[in-house]
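The numbering used here applies: residue 58 is where the sequence shown begins, and numbers increase by one. All C-beta atoms, glycine included, are put in the ideal place defined by N, C-alpha and C. Remarks on the structure that follows.
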Amino acid sequence: MAKHLVADLYGCGKMIDDIEALKEAAHKAIEYVGANIVEECIHEFEPIGITYFAVITTSHFSVHTWPEYGYAAIDVFSCTDTVVEGITETLKELFEAKEIKTQIIERDISKGH
58 MAKHLVADLY
68 GCGKMIDDIE
78 ALKEAAHKAI
88 EYVGANIVEE
98 CIHEFEPIGI
108 TYFAVITTSH
118 FSVHTWPEYG
128 YAAIDVFSCT
138 DTVVEGITET
148 LKELFEAKEI
158 KTQIIERDIS
168 KGH
């Protein structure tokens, strides 16, 4: 099994439109889940907004921001059986969010065998 955490963060701070601040927060979140970055890509949109994507040793981590709404969409896909306890509060703190809503999708990778 693998788990895919989908998080909607509302009321985020201005850091969601700052590439360096967002990258630092992503690195801390990735470290928190016990993964390492294999490769990362960051794109800054005009006039505002950032997409960050990292291939990590346990799968992937992504952030898409809409600063005009104070909103960030974060996905953490992990091939481990569990999503680390406390990641919701960690993301809320790192992205300076007032509110966070999460869903966990269980990906059944063993069905094909």
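Quick one: what's got a C-beta closer than 7 Å to residue i's C-beta in the same chain, skipping five residues either side?
i, result
"Gly-68", "Gly-127, Ala-154, Lys-155, Glu-156"
"Ile-105", "Asp-74, Pro-124, Glu-125"
"Ile-94", "Ile-87, Ala-111, Ile-113"
Is it right to say residue i is buried, meaning 16 or more other beta carbons lie within 10 angstroms of its own, or is it exposed?
i, result
"Phe-152", "buried"
"Lys-85", "exposed"
"Phe-118", "buried"
Using a Cβ-Cβ cut-off of 6 Å (strictly less than) and excluding sequence neighbours within five positions of residue i, which residues of its own chain qualify?
i, result
"Thr-115", "Ala-92, Ser-135, Cys-136, Thr-137"
"Gly-70", "Glu-153"
Please state the DSSP three-state secondary structure of residue i.
i, result
"Ile-105", "coil"
"Lys-155", "coil"
Distance check for residue j and residue i, CA to CA, integer angstroms please.
i, j, result
"Lys-80", "Gly-143", "20 Å"
"His-100", "Glu-77", "12 Å"
"Tyr-89", "Leu-62", "14 Å"
"Ala-129", "Thr-122", "4 Å"
"Thr-159", "Met-72", "21 Å"
I think residue i touches residue j, with their Cβ atoms under 8 Å apart; what is that distance to the nearest whole Å?
i, j, result
"Ala-64", "Ile-131", "4 Å"
Could you tell me whether any Cβ in chain C is nearer than 8 Å to the Cβ of residue i?
i, result
"Thr-122", "Structure shown: chain C not included; a single protein chain is present."
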